[in-house]
Amino acid sequence: MNTPAKLGAYALGLAVIFGGALGAGSAVGSAGVVPIADDHGAHPAPSPGRETNDHGAHAETAPSRAAVSAPAPGGLQVSQDGYTLTPETTEIKPGEATDFRFSVIGPDGGPVTRYQTKHDKKLHFIVVSRDLGGFQHLHPEPAGDGVWSVRLTLPEAGAYRAFADFAPEGGPDLTLGADLRAGGAYEPGQPPAPSRTSTVDGYTVTLDGDLVPGKSSRITLRVGRDGRPVTDLQPYLGAYGHLVALRAGDLAYLHVHPDGEPGDGRTQPGPEITFYAEVPSRGDYRLFLDFQHGGVVRTADFTLHAGQGAAPTTASTPGPSTGPSEHGEHDH
Ligand SMILES: [Cu+2]
6 MNTPAKLGAY ALGLAVIFGG ALGAGSAVGS AGVVPIADDH GAHPAPSPGR
56 ETNDHGAHAE TAPSRAAVSA PAPGGLQVSQ DGYTLTPETT EIKPGEATDF
106 RFSVIGPDGG PVTRYQTKHD KKLHFIVVSR DLGGFQHLHP EPAGDGVWSV
156 RLTLPEAGAY RAFADFAPEG GPDLTLGADL RAGGAYEPGQ PPAPSRTSTV
206 DGYTVTLDGD LVPGKSSRIT LRVGRDGRPV TDLQPYLGAY GHLVALRAGD
256 LAYLHVHPDG EPGDGRTQPG PEITFYAEVP SRGDYRLFLD FQHGGVVRTA
306 DFTLHAGQGA APTTASTPGP STGPSEHGEH DH
């Protein structure tokens with residue numbers, strides 16, 4: 006399988022997870038899948054995740070499909086599928102670098118020691134403030150016996166959310182979330198207002214595209230510096246950009262990767278980076294883009310409102326009246 010196809014399959018897998026969440030109670034488990042497949046029509050590769058959804062957990066009939074598949078978005082649970090994110094460091098002082106340690110306890114009751122490599126790393130560790138202001142994307146190091154260790158500074162007193170994004174060897178892709186606190190009095194902030202432009206260290210990143218609930222949405226980010234387009238972005242984690250989307254309100258986690266990757270013969274190193282993202286519902290989303298230039302990784306941040314259309318009907322039907330039959334057509 007060539008690389009773009011793999012990326013497409015990866016994005017599709019994520020989209021299926023979110024689409025499945027939409028299907029809860031409305032018997033549209035497949036509706037979330039179909040529009041993504043259309044958008045990725047250039048990629049002929051079958052998706053392992055989709056195979057499983059269509060032929061593994063589900064029987065031939067729609068009712069069982071709806072009953073079985075209702076996975077929540079990632080990051081909302083500290084424990085899922087028998088795996089539990091287990092912080093060992095409990096005290097964090099604001100503004101002080103801390104050796105933060107944690108493990109993932111597996112179904113057998115012991116810490117997981119073998120992980121698949123995903124996007125160059127065995128485990129991705131994201132920390133955000135609960136009010137979605139600050140964002141850190143870190144890569145912990147194994148500290149022996151299944152313990153992970155990472156140098157972590159929580160800049161101010163307050164409530165934070167940590168996400169561990171990983172796949173145990175022989176296990177599922179997981180994003181587990183846990184609350185962290187930095188002690189002391191604090192004033193919770195308001196989530197940032199909608200914004201499509203971000204400036205960081207002299208770079209300006211602008212965002213084009215809209216998040217539509219239940220539908221794969223093309224998002225294009227354009228990187229400039231001092232008024233000129235940046236055309237020599239450097240690969241970071243196997244891509245020219247790394248985008249995380251978090252839903253305001255509960256910090257549901259959506260991890261997306263670009264359409265294309267360095268060296269595939271079609272993806273340019275800037276100024277544009279294209280992603281496909283599917284969000285599960287209306288509301289505000291914070292988007293954090295990691296990009297590398299001049300040997301430094303920087304993060305641009307945005308806030309988008311996903312509001313058009315009522316998912317999932319808008320996602321899979323040309324008009325409002327054809328919803329039910331449309332759903333029927335997609336069942337096998
Ligand atoms: Cu990472």
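Quick note on numbering: our numbering labels position 187 of the sequence shown as 192, and the sequence is numbered without any gaps. Here a beta-carbon is modelled for each residue, glycine too, at the ideal position from N, C-alpha and C.
Exercise for the section: For ligand 1, enumerate in chain order all residues having a CB closer than 6 Å to any of its heavy atoms. Expected result: Lys-126, His-129, His-142, His-144 and Leu-242
Problem - Limits of the unbroken beta strand (DSSP E) element including Ser-200 - result: That residue, Ser-200, is in no beta strand (DSSP E); it is neither H nor E in DSSP.
Exercise for the section: Kindly give me the distance between the Cβ atoms of Pro-193 and Asp-136, rounded to whole angstroms, as I take these residues to be in contact under 8 Å. Expected result: 5 Å
Exercise for the section: Compute the distance between the beta-carbons of Leu-181 and Val-83, then report whether it is under 8 Å. Expected result: In contact: Leu-181 and Val-83 (Cβ atoms closer than 8 Å).
Problem - According to DSSP, residues forming a beta bridge with Leu-292 - result: Ala-250 and Phe-307
Problem - Through-space distance from Val-117 to Val-109, alpha-carbon basis - result: A straight-line Cα-Cα distance of about 6 Å links Val-109 and Val-117.
Handout entry: Backbone secondary structure at Gly-229 - three-state DSSP
Key = Correct three-state label for Gly-229: strand.
Handout entry: the segment 227-237 / the segment 197-209 touching (three or more Cβ pairs under 8 Å)
Key = yes
Handout entry: Cβ-Cβ distance between Ser-154 and Arg-106 below 8 Å
Key = yes
Exercise for the section: Assuming Leu-259 and Ala-250 form a contact by the criterion Cβ under 8 Å, report the distance between their Cβ atoms to the nearest whole angstrom. Expected result: The C-beta distance from Leu-259 to Ala-250 rounds to 4 Å, short enough to fall under 8 Å.
Handout entry: Host beta strand (DSSP E) of Val-132 (start-end)
Key = 128-134
Practice task
Evaluate the contact criterion for the segment 87-107 versus the segment 151-167: three or more CB pairs, one atom per stretch, below 8 Å.
Solution key: yes
Practice task
Would you mind sorting Asp-237 into buried or exposed? The rule is 16 or more other CB atoms within 10 Å of its CB.
Solution key: exposed
Practice task
Answer with buried or exposed for Val-235, where buried requires no fewer than 16 other C-beta atoms within 10 angstroms of its C-beta.
Solution key: Buried.
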